[in-house]
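Participant:
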Amino acid sequence: MRYLNKIVFINSAHIPYAEVKVDGNVHFVGTQGVGKSTVLRALLFFYNADKLKLGIPREKQSFDAFYFPYPNSYIIYEVIRDANAYFILAFKHRGRVAFRFIDCAYRREILMSEQGEVYSEWMHIQQKIDKGVHTSRIIDRYEEYRDIIFGNRHEVQPEFRKYAIAESNKYQNIPRTIQNVFLNTKLDAEFIKNTMISSMTDDEISIDLAYYRSQVSAFEQEYNDVHLWYKTDKHGVVTVRRDADKVEKAYRNLLLITAKIKELISELVYTYQRDEQRLPSLHQELGKLKEEFERINRLISEESGKYNKQKDGKNRELGAVDARLKEIADKRKFYQQSDISSVVSRIEKEDFVKNEIENKKRYKEELTLQHKSITDKYAALTEKLQLELRTIEATCNEKKNLLQEVYNREVARIAQQKEERNKEIYAHFDVESQTVDEKIQAANTDLTAAKSKRLIYQNTHLYANELEQCKNKIDQLHEQHRKTEIEKEQNRSKINELRHEAEAERQKIEQELQAQLKDLEQKNEKLAQQIAKLDELLAQYKGSFYEWLSTHKQGWQQTIGKVVDEQHVLYNNQLHPQLSSQHNASLFGVDVDLSHIERELRTPDDLKAEKQDAEQEIEDNKKRIYECTTANQENIQQIENRYAKQIRELRMAHQTLEANLLQTAQQIKVEQVKMQDWDKRNEEEKQKRLENIDLQISKQQEQLSTFQQEKEKLRNKRNRELKACEQESASANNAKRRETDSKIEMLLQETQEKTTAINNQINQLKIQESNELAGQGVNTTALQQIKDKLIALQKELDFINNNRKRYFEYLLFKEEWLPEEDKKKEEKRKLENELALLDEKFRLRSSRLGQQKLQFETDIRQKEAEQNQLEKGLTAVDNFKLSIENKTSIEWTTVKPKASTDPTEQVLQLLKDSLFDKLGKADALKQNVDRFKSYFSTKNTFAFKTQLNTDDDYMAFAQNLCDFIDHDKIEEYSRRLSDRYGDILQRISKEVGSINSYASEIGKIINDINADFHERNFAGVIKEIVLRSQPSSDRLMILLNDMKTFNDEHSYDIGELNLFSSVQQRDDTNREVTKRLFDFMVCLNENPNRSRLVLSDTFKLQFRIKENDNDTGWIEKISNVGSDGTDILVKAMVNIMLINVFKEKVSRKFGDFTLHCMMDEIGKLHPNNVRGILKFANVRNIYLVNSSPISYAVSDYKYTYLLTKDHKSNTLVKALITMKV
C-alpha cells in the first residue's frame, strides 16, 4: 500500500509548525479565516503540483509568497511506501517552489534544532540525515515531480522510480479530477461534463465561432462569377475558358505578327543596303574567277604536252636497254649450247698435255734407243704421213674455222638486221601509241577530274553556305531567345517584386486592420460577457438578498455590503434571509471594524447604466470597425493604384518579350525548316549531279577502256612484229647453221676419209715396224701403248689449238658483257620507276588542276547565280516601296537595320505575307474580344471593361486578359472560394471530428462510473445512480455535425476536380456545400454573441437517480432529488466515483494505493449517511478530507483537527481526536 501519510508545515502559510496526519479520513474544524482551505490547498498541491489550479484568488498572495515567505519555510509530505516511508521536502528555490526526495521517514530534528531553530541551509539539513540515505537533486520542474509521484517510467530516471505511489504514463486525469472536485461545489450535468472534460486535457476543447463568422460573409457573388470559368455546356466545354483562350491566342498572334513586321522591315533595309554594297565587289570577283579558269585550262594543256615528251624519251631509253639485255641473253644461250665450260676446262689443261707428250716421247726413245735405225726409218715414214695428216687436219680446221667465221658474221648480220628491225618496230609503235597515249592521258585526266568531282559532290554539301547561314541564324536566334528569356525573367522578377511589395504593404495594412478588428472584437466579446453578467444580475434582483436588504436593513451598505460577494450573495435569490435577534455588528460572532474598507455597491440602476455604457461602447466599436475597414480598403486601393502603373508598363514589356520569344521560336522553326529544305535540295541536287557525273564517269571509263584496248592492240601488233622478226632472225640463223654444219660435215667427212687412209698407212707402218722390232727383241706392246697415248695427247693438243680463239672470245664475253647485264637491269628498273613516278606526278598534277578547274567552274556558276539573285531582289524592293508609298507611313530612312543572312527577295516576300496576315489577325482579335466580354456585366468581379471603342481599347483588354490567364488569377479567385468553402468545411469537419473524438472517452468514463456504483454501493437511501450521454439538441451543433458527415462522405469531390471524382459529382457536391455554408452563415448571424462552441455543447449528460422509491427519471441537474442532505450525498458519491474511475486506470504494480478527495458541505448529512459516504470512498481507497466550522460525527473520521489563530495571527493546528480504524 502506498499513500500520503502526513503533511508537515514549517514556517509556512502562517503556520510555525504543524504535523497533519492524512492516512485516513480527515476533518478540519475552525471558523472562517483560520486556514482550513490553506491546509486543503497544500494537500491538493501534493497531487497536482500546479500553483495556478489551487483556487487561490488573484487578489491574494501567490502560492510561493504565501506558503514559502522565508528561506526556512518548508512543507513536508511523508509518503508510506509499503513497509517504509520517505518524505518530500518542498521549499523555495530561486523564487519558486522546488522539491527534494529523501529516502527516509520524516524526523523533526532533520530540519529543526532542539532549541526550535529551523535550518535554512541544505548543508545543515544534509548533516542531520543518516549516512547512506538517498537524497535527490533539486526537482524544479513540476511535470517531472508529477512523473515521479505517479510513476511515469518513460520520463523518470531509475533512481526516482522507487518514490512512485502508482505506475502510469497516463495519470493526468487523477490530479485533474481531484482539483476539479476541490474547486467546485455545485454538481449538475454541466459540472460533471466539465469535470470529465477537464480530466481529459488541460486545453480548452472548443470551436472558434468568431473565426468562422468572419469567413463566411459575402461570398455568394464571387462564387457565381468564378463559377462561369468552370461551367460547361452540353458538350462538356467550358465556354468562357475556350473564348478566353481564343482572345489570348488572337492577341498573341497579333503581337507576334506586329513584332515580326517591324523586324522584317529592319531586315529588309539591312539586306537592301548589303546587296547594293555587294554587287560591285561581286563583278570583280567574277572577272578574277574567269581569268583563273582560263589559266588553269592552259596549265592543263602544258602539263599534258610536257608529260608525253618526257615519257617518250624514257620509253626509248628503256627499249635500248631491253635490246642490250636480249643480246647478252642470246650470247649466254649460245655459249651454254656449245658446252663452253668443257672447252674452257680442256684448254686450261694445255700445259699438262704438253708435259705428257714430252714424257711419252722420252719413254719411247728409251725403248727404241738400240734399234734407232729401224725406228728412225719408220719414224721418218710415219712423220711424213703424220705431217700429211696434220696438213689435212689443219686444212680442215682452217676451212672449218673459215666456215664458222662466215657463220658468225652472218649471225651478227642477222642480229643487226633484227635489231634494226626491232628499232623500226618500236619507233613505229611509239609513233602510233603517242596519239593513243595522249588520248588515254586525256581520258585519265578527265576521269580523275570526274572522280574528284564526284568525291567532292559526295562529301560536300552543295548548299553549305546556305546551311551555314541557317545555322548561324539559328545560333543567333537561340542566343537572342536566351537573352530574351533572361530579360523576361528579370521583368517577371520585377513584376513579382512589385507585386510582393504591394502585397506586403497590403498585408501589413490588413494585419494592422485585423489586429485592430481583433482588439475591438475581443473588447466587444468582453463587453458582451459583461452585459450578459449584468443581465444575469438584473434578472436575479427580484427576490434577491440585495432586494431584501434594501427593504429590511437600513445602512446595510456600510456593514454587510462591504464584506459579502455581490454575485453569489447579494444577487442570490435562494438565501432566505431573516433578521437576527442579536443586533450587534459582529460577523458570525466576530467583531470586525469595517470603517477602513472602501467599497461601492452597484444598484440595479447602476447596473442598467453600466449595461447601457457597455452597449454604447459596443456600438462605438462596431462603428470603428466599419471605419477601419473602409480606411483599409481606401489604403489598399491607393497601394494598388501606386503600383499599377509600374506593373502595367512592365506587363507591356513582358508581353512584348513573350511575343519576341514566340517570334524567335517560330523563326527558329522556320530556319530549321530551311535547313531541312536545303538538306533535301542538297540530296536531290547531289543525286542528280552524282547520276550525271556517274554517267560521265561511265562514258569516260568506256572511252578510256577503248583507248586502252587500242593501245593494247598496238602493243600486241608490236609484240607480233617483234616475234615475227625474232622468228625470221632465228630462221635465218638456223638456215645458216644448217648450211654451215652441212659444209663442215662434208669437210669433216672428206678429211676423215683422207685421215683414215693415212692412218691406215701409218698403222701398216707401225705393224711393219713392230714386226721388225719384234724380230729384234723389242717390247712392241709397250711401245704400241706409248704410241697410242701420244696420238691421243696430240689430238687433245690439236683440240686446244683449234678452240683457243673461241676460248678467248668467251673470256672477253665473261669479263665485259656479263657485268654489263646487272647494270642494264638496274638501269631498266630505274627507268621503269622513273616512268611510274612520272605517271604518278602527272596524275597528281592533273587531279589537282582538274579539281581547281572544277572549283572555279562551281564558283563562277555560284557567283553568277548570286549576281542574278541580288539584282532581282533590289529591283523587287524598289517596286515594293513604290507600291506602298501612299498606303503606309514607313519611314525607310529612319529604320534601324537589323542584320540578316536571308536573301532580300525572301525577306520582302515574308514582309508582304506578314502585312496581309496582320489585317486578318486584327479582325479576329476584335471578334474574339466581343464574344468573350459578352459573358460579363459592367460590375463583374474581375473588373473586365465591357465598353471598347478603339483598337487600343481592344489591345488593352486582351493584354489584361492575357495577364489574368498567365498569372492564373482565376485559380486565385477559385482558391479564395476553395478557402471559403473547401477549407472552411474541412476545418469544420476536422474541428468537429476532433471535438467529437472525445465522445468515446466520455462514454467510457460514464460506463466506468455506472459500473463502479453497481459494484460497490453501500446500503443506504440511494439505490441507483446512472449517467448517460445523449446527442446535443443545439441547432448549431446539429448543423456542424451534418457538415462533417457531408465532408466525410464527399471528401474527394469538394473543391477542385481530382482523380477520385467525376465532374458531375463535383458540381453536385459543391452546390450542396454552398447550401450548407449559407445555412451556417445564417445560423451564426442569428447568434451574434456566441463566440465559441465548447465540448460540453456536443452532448447532453443526463442522470437517473433512485432514492428509496423516488425515481427522478433522466434529468440534467441534481437538485430536488430529496432533501438537501440527499442532494449533497448524491453529489459526493458522483465525485468519488469520478476519482475512482480515473484511479483504477493506472498501474497496479505496487498493489493498492490511496488518494485523497477534498470536499465541503458534508456537515449537512445525517451521521448514517456520513458513515456511508466515508465507507463509499474508503472501499475505493479514497480518503475524504473536508472542513467545516464545527465538528460532527467525530467517530467517523480517523483524524479531527481544530484550526485556530493565536495573538500573532499564526494558525495553530491541534488534533482533537484520533480514532483507530
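Residue numbers (this note's numbering): 848 to 2068. Beta carbons are placed, not taken as given, at the ideal position from N, Cα and C, and that holds for glycine.
1. Within this structure, are the beta carbons of glutamate 1462 and leucine 1360 separated by less than 9 angstroms?
2. Taking DSSP as the reference, what is the three-state secondary structure of threonine 2058?
3. Is valine 1410 buried or exposed, if buried means 16 or more other CB atoms sit within 10 Å of its CB?
4. Whose C-alpha, out of Ser960, Arg928 and Arg943, is nearest the C-alpha of tyrosine 914?
5. Can you grab the Cα-Cα spacing for the pair serine 1908 / valine 1920, in whole Å?
6. Going by the beta-carbon positions, is the gap between methionine 2006 and asparagine 1982 smaller than 9 angstroms?
7. Kindly indicate the opening and closing residues of the alpha helix (DSSP H) around proline 1022.
8. Below 8 angstroms on the Cβ atoms is my contact criterion, and I expect threonine 1118 with aspartate 1749 to pass it. Report the Cβ-Cβ distance as a whole number of Å.
9. In the DSSP assignment, what are the bridge partners of cysteine 1930?
10. By Cβ distance below 6 angstroms, which residues in the same chain neighbour glutamine 1316 in space, the five residues on each side in sequence not counted?
11. Short check: CB of aspartate 1706 to CB of leucine 1136, under 9 angstroms?
12. Taking three-plus beta-carbon pairs below 8 angstroms as touching, is the region 1479–1486 in contact with the region 1082–1095?
13. Leaving out five residues before and five after serine 1879 in sequence, what residues of the same chain have Cβ atoms less than 8 angstroms from its Cβ?
14. Whole angstroms are fine: how far does the CA of leucine 1887 sit from the CA of lysine 853?
15. What are the boundary residues of the alpha helix (DSSP H) that asparagine 1751 is part of?
16. Could you pull out every unbroken alpha helix (DSSP H) segment of at least 4 residues lying fully inside the region 942–1011, listed in chain order?
17. Within the region 1683–1737, note down every full alpha helix (DSSP H) run reaching 4 residues or more, in order along the chain.
18. Compute the Euclidean distance between the alpha carbons of glutamine 1493 and serine 1061, then round it to the nearest angstrom.
19. Could you check how far apart the C-beta atoms of threonine 1793 and phenylalanine 1783 are, in whole angstroms? I think they sit under 8 angstroms.
20. In terms of residue numbering, what span does the beta strand (DSSP E) encompassing isoleucine 923 cover?
21. Quick check on isoleucine 2037: does DSSP put it in helix, strand or coil?
22. Pull up the distance between the alpha-carbon of leucine 1367 and that of isoleucine 1472, whole angstroms please.
23. Can you tell me whether alanine 1746 is helix, strand or coil according to DSSP?
24. Quick one: what's got a C-beta closer than 6 angstroms to alanine 1866's C-beta in the same chain, skipping five residues either side?
25. If we call anything under 9 angstroms between Cβ atoms a contact, is isoleucine 1021 one with phenylalanine 948?
26. Given that a residue counts as buried once 16 or more other Cβ atoms are within 10 Å of its Cβ, and exposed if not, what is glycine 1083?
27. Considering Cα atoms alone, identify which of Ala952, Ile972, Tyr953 and Cys951 is closest to serine 960.
28. Can you tell me the Cα-Cα spacing of aspartate 1072 and lysine 1081, whole angstroms?
29. Tell me whether glutamine 1877 sits in a helix, a strand or coil according to DSSP, three-state version.
30. Whole angstroms is fine: what's the gap from leucine 1537's alpha carbon to tyrosine 1304's?
31. Could you pull the DSSP bridge partners for alanine 865 from this structure?
32. Comparing alpha-carbon positions, which option in Asp1958, Asn1606 and Leu891 lies nearest leucine 1236?
33. Between isoleucine 1633 and glutamine 1233, how many whole angstroms is the CB-CB distance? I'm expecting something under 8 angstroms.
34. Would the beta-carbon of isoleucine 1952 fall within 9 angstroms of that of alanine 1979?
35. Could you tell me which of Ala932, Leu1228 and Ala896 sits nearest to glutamate 991, measuring between CA atoms?
36. With which residues is asparagine 1843 paired in a DSSP beta bridge?
Facilitator: Reading from the atomic positions:
1. Leucine 1360 sits away from glutamate 1462, with the two beta carbons spaced by 9 angstroms or more.
2. If DSSP states are grouped into helix, strand and coil, threonine 2058 belongs with the strands.
3. When all chains shown are included, valine 1410 counts as exposed.
4. Distance check between tyrosine 914 and each of Ser960, Arg928 and Arg943 places Arg943 closest, using alpha-carbon atoms only.
5. Because the pLDDT of serine 1908 is 40, which lies under 50, any placement of that residue in the model is unreliable, and the number read from its coordinates should be weighed accordingly. Our two residues, serine 1908 and valine 1920, have alpha carbons roughly 15 angstroms apart in a direct line.
6. Closer than 9 angstroms, so yes.
7. Looking at the DSSP string, the run of the alpha helix (DSSP H) that includes proline 1022 is 1020–1030.
8. Confirmed, Cβ separation roughly 7 angstroms.
9. None, per the DSSP bridge assignment.
10. Residues Thr1748 of the same chain have their beta carbon placed closer than 6 angstroms to that of glutamine 1316, with the five preceding and five following residues left out of the count.
11. It is a contact, given that the beta carbons lie within the stated cut-off.
12. Because the criterion of three Cβ pairs below 8 angstroms is not met, the region 1479–1486 and the region 1082–1095 do not touch.
13. Ile1885, Asp1944, Thr1945, Phe1946 and Lys1947.
14. Straight-line Cα distance between these residues: approximately 51 angstroms.
15. Reading the sequence as shown, one finds threonine at residue 1751 and not asparagine. It spans 1751–1780 - the alpha helix (DSSP H) in which threonine 1751 sits, taken as one unbroken run.
16. If we require 4 residues or more, the alpha helix (DSSP H) runs fully inside the region 942–1011 come out as 969–975 and 989–997.
17. Qualifying alpha helix (DSSP H) stretches: none in this window.
18. Those two C-alpha atoms are separated by around 34 angstroms.
19. Phenylalanine 1783 and threonine 1793 do touch by the CB rule: their CB atoms are close to 6 angstroms apart, below 8 angstroms.
20. Counting along the chain, the beta strand (DSSP E) containing isoleucine 923 begins and ends at 921–928.
21. Note: isoleucine 2037 maps to coil in three-state DSSP.
22. Between leucine 1367 and isoleucine 1472, the C-alpha separation is close to 7 angstroms.
23. The answer is coil: DSSP assigns alanine 1746 none of H, G, I, E or B.
24. Bear in mind that the predicted position of alanine 1866 carries a pLDDT of just 49, short of 50, making it too unreliable to give a figure here.
25. Isoleucine 1021 is not a Cβ neighbour of phenylalanine 948, given a cutoff of 9 angstroms.
26. The residue in question, glycine 1083, is exposed, as its Cβ has fewer than 16 Cβ neighbours within 10 Å.
27. It is Ile972.
28. Inter-residue distance for aspartate 1072 and lysine 1081 is about 20 angstroms (C-alpha atoms, whole angstroms).
29. Here glutamine 1877 sits in strand by DSSP.
30. The straight-line gap from Cα to Cα measures roughly 7 angstroms.
31. Checking the DSSP bridge columns, you'll see alanine 865 partnered with Phe856.
32. The shortest C-alpha separation from leucine 1236 is found at Asn1606.
33. About 15 angstroms separates the beta carbon of isoleucine 1633 from that of glutamine 1233, a gap too long to meet the 8 angstroms contact definition.
34. Result no, Cβ atoms of isoleucine 1952 and alanine 1979 do not sit closer than 9 angstroms.
35. Sorting Ala932, Leu1228 and Ala896 by C-alpha distance to the C-alpha of glutamate 991 places Ala896 at the top.
36. None, per the DSSP bridge assignment.
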